[in-house]
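Since the structure comes first, as C-alpha cells, the remarks are kept for the end.
And the structure:
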C-alpha cells in the first residue's frame, strides 16, 4: 500500500492522483459518448470543467454544513487547503447539477446527459477502487483463499480489486452498449445496474459494513434494490420510447 | 438489433431476468448477513492504518513521566507526529492547542510525539507556544517506525475503541479539520 508517493522533496497523496487521472479519463469518455449522441465534444468538456470547479466548492460547503458548529466560529476554515474537509456526495451533487444545467442550456435533455456521463462514471468508480487499493482504504475481511493479499500481517480479500474488475467489465459493457442506446436514459440505467451488482457481490467480503435488520449488510441490500430499479426503469423507458416511436410512425403514415 | 434490445423487447425474458435477480440477489444478501455481535471483518489486527487497532507504545513526556497509549483507553486520541524543524508541524501546533482546550472535557486528548530532538529544545519550543497537551519524546525513533511515518506531520485520529478512524498525511491542518475529525471521534 502506498498512501504517499514521494518524488524528491514532493510528497503526493496517491489516492488523489489516481482519482484525478480517473476524472480526466472519464471526461474524455463522456465527451466521446456525448458526440455519439449528437452533443459537441467541447460543450461536454466545458460542462465537466465547470462541474468540477463548482463540485469542489460544493464539497467544501457540504462538509462545513455537516460540521457547522465548528465552522461558524472559524469561517476562514472554508478556504483551508485541506482535501480531507470535503464532502464527496455534496460535491458530486452540486457538480452534477451545474454540469447538467450547462448542457441543458445548450439543448440537451436530462436523459441524454446522464447517458453521456455513464461510461465516464463507470471509469471513475474503477479508479476509486484502484485509489482505495493503493492507499490501503476499504479493507477486505480476513480470508483463507489463495488469491488473498497480505495486509499488515493478515491475509484479506482484495475487495478493491474485485470491485476494480467488475468496473472494468462494466465500463467495457457500457461503452459497447453506448454505440446503440435502445432508449434515452437506458445507458445510465446500465451504469446503475453495474453499481448495484458491484455492491451486491463485493459487500460480503468487506471488513466493515453497516448492519441492519438483524445483520443484513445495508450496502448489499441497497445494491440489490438499485439493480432491480435499474432493470425495471430500463424496460419501462424502452416501452415508452418504442411506443412513442411507433405512434410517430403511425402518425406519419 | 443488439442482444440488449432483443432482451428488452421480450417481456417474458425481461420479467424472468428480474425474478432471477430478486431470488439470487436476495439469497446472496441473506448468505452475506453477519451474526449478531460478530465483527464482519473478523478480529481486528494491529496496524497504523484506518480500520486497525492503533499500535501500543509508551514514551517519556517532557516532564519525565511515562505515558502509554493504554493509559488513554476510553478517550478519543489525536496522535500527532512532528519535529520542531518541520514548518507545517509548527504552523498547526496552535490549532492543535485550541482544539485540545475546547474538547478535553468531552474526552479528547491530543498527544504530540516528537522525533529524536533534545528534551530541552522541545521544552523551550513548547513553552514558547504555550502548549499544554502532552508532548512525548521518541528518542530512538521507534514509535515513528512503528507507525510507519514517512511524512511530517502525520496525524492519527483514534477512537475510544482504540481503532484508527483516519490518518492525515502532511499539513498544516486547519483547526476546522482537527476539530471536525475530533467531533466525529467523540460522536461515535
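Residue numbers (the numbering used here), protein chains in the order written: chain A, 77 to 329; chain B, 2 to 189.
All C-beta atoms, glycine included, are put in the ideal place defined by N, C-alpha and C.
Please report how far the alpha carbon of residue 318 of chain A lies from the alpha carbon of residue 98 of chain A, in whole angstroms. 35 Å
Which word fits residue 50 of chain B, buried or exposed, when buried means at least 16 other C-beta atoms lie within 10 angstroms of its C-beta? buried
What is the DSSP secondary structure of residue 304 of chain A, reduced to helix, strand or coil? helix
Proximity of residue 205 of chain A and residue 163 of chain A at Cβ, strictly below 8 Å: no
Alpha-carbon spacing of residue 92 of chain B relative to residue 173 of chain B, whole angstroms: 6 Å
Can you list the residues of chain A that residue 174 of chain B reaches, using a CB-CB cut of under 7 Å? 158
Reduced DSSP category for residue 85 of chain B - H, G, I as helix; E, B as strand; rest coil: coil
Partner residues on chain B for residue 238 of chain A, Cβ-Cβ distance less than 9 Å: Result: empty, since nearest Cβ-Cβ is about 13 Å, beyond 9 Å.
Beta-carbon spacing of residue 171 of chain B, residue 89 of chain B below 8 Å: yes
Taking Cβ-Cβ distances shorter than 8 Å, what residues in chain B pair up with residue 358 of chain A? Look at the range of chain A in this structure, 77 to 329, and you will see that residue 358 of chain A is not part of it.
Would you kindly work out how many angstroms separate the C-alpha atoms of residue 146 of chain B and residue 48 of chain B, rounded to a whole number? 12 Å
Check whether the Cβ of residue 78 of chain B lies closer than 8 Å to any Cβ atom in chain A. no
For residue 253 of chain A, decide whether its Cβ has a neighbour in chain B, counting only Cβ atoms nearer than 8 Å. yes
Check the Cβ of residue 52 of chain B against every Cβ in chain A and list those closer than 7 Å, keeping chain order. 215, 283 and 284
So what does residue 185 of chain A bridge to, in DSSP terms? Paired residues: none, contrary to the question.
I'd like to know whether the C-beta atoms of residue 293 of chain A and residue 33 of chain B end up nearer to each other than 8 Å. yes
Buried or exposed, going by whether 16 or more other CB atoms sit within 10 Å of the CB of residue 311 of chain A? buried
Rank A/139, A/297, A/279 and A/102 by C-alpha distance to the C-alpha of residue 125 of chain A and give the top, closest one. A/102
Touching by the beta-carbon criterion (3+ pairs, under 8 Å), the segment 52-67 of chain B and the segment 286-302 of chain A: no
Between the segment 73-82 of chain B and the segment 142-162 of chain B, do three or more beta carbon pairs fall short of 8 Å? yes
Entirely enclosed alpha helix (DSSP H) segments - the segment 224-299 of chain A, minimum 4 residues: 235-253 and 262-278
DSSP three-state label for residue 133 of chain B, please. coil
Answer yes or no: do residue 330 of chain A and residue 212 of chain A have a C-beta to C-beta separation smaller than 8 Å? A query on residue 330 of chain A cannot be resolved here, the shown segment of chain A reaching from 77 to 329 and no further.
Let me see if you follow: with CB-CB separation under 8 Å, is residue 181 of chain B close to chain A or not? yes
For residue 317 of chain A, the three-state DSSP class (helix, strand or coil): helix
Would you decide whether residue 142 of chain B is buried or exposed? Buried here means 16 or more other CB atoms lie within 10 Å of its CB. exposed
DSSP state of residue 66 of chain B mapped onto helix, strand, coil: coil
Closer than 8 Å to chain B by CB, residue 276 of chain A: yes
When you check each C-beta in the segment 129-162 of chain A against every C-beta of chain B, which residues fall closer than 7 Å? 143, 146, 147, 150, 153, 156, 158, 160 and 161
Ordered along the chain, which non-local residues of its own chain (more than five positions away) have a Cβ less than 7 Å from that of residue 45 of chain B? 53, 54 and 164
Looking only at its chain, what residues have a beta carbon closer than 7 Å to the beta carbon of residue 113 of chain A, apart from the 5 residues adjacent to it on each side? 188, 191 and 192
Once DSSP output is grouped into helix, strand and coil, what is the label at residue 98 of chain B? helix
Can you list, in chain order, the residues of its chain whose CB lies under 8 Å from that of residue 278 of chain A, leaving out five sequence neighbours each side? 235, 238, 239 and 242
Quick one: give me the first and last residue of the alpha helix (DSSP H) that residue 10 of chain B is part of. 4-10
Rank A/266, A/225 and A/130 by C-alpha distance to the C-alpha of residue 172 of chain A and give the top, closest one. A/130
Contact criterion: CB-CB distance below 8 Å. Does residue 29 of chain B meet it with respect to chain A? yes
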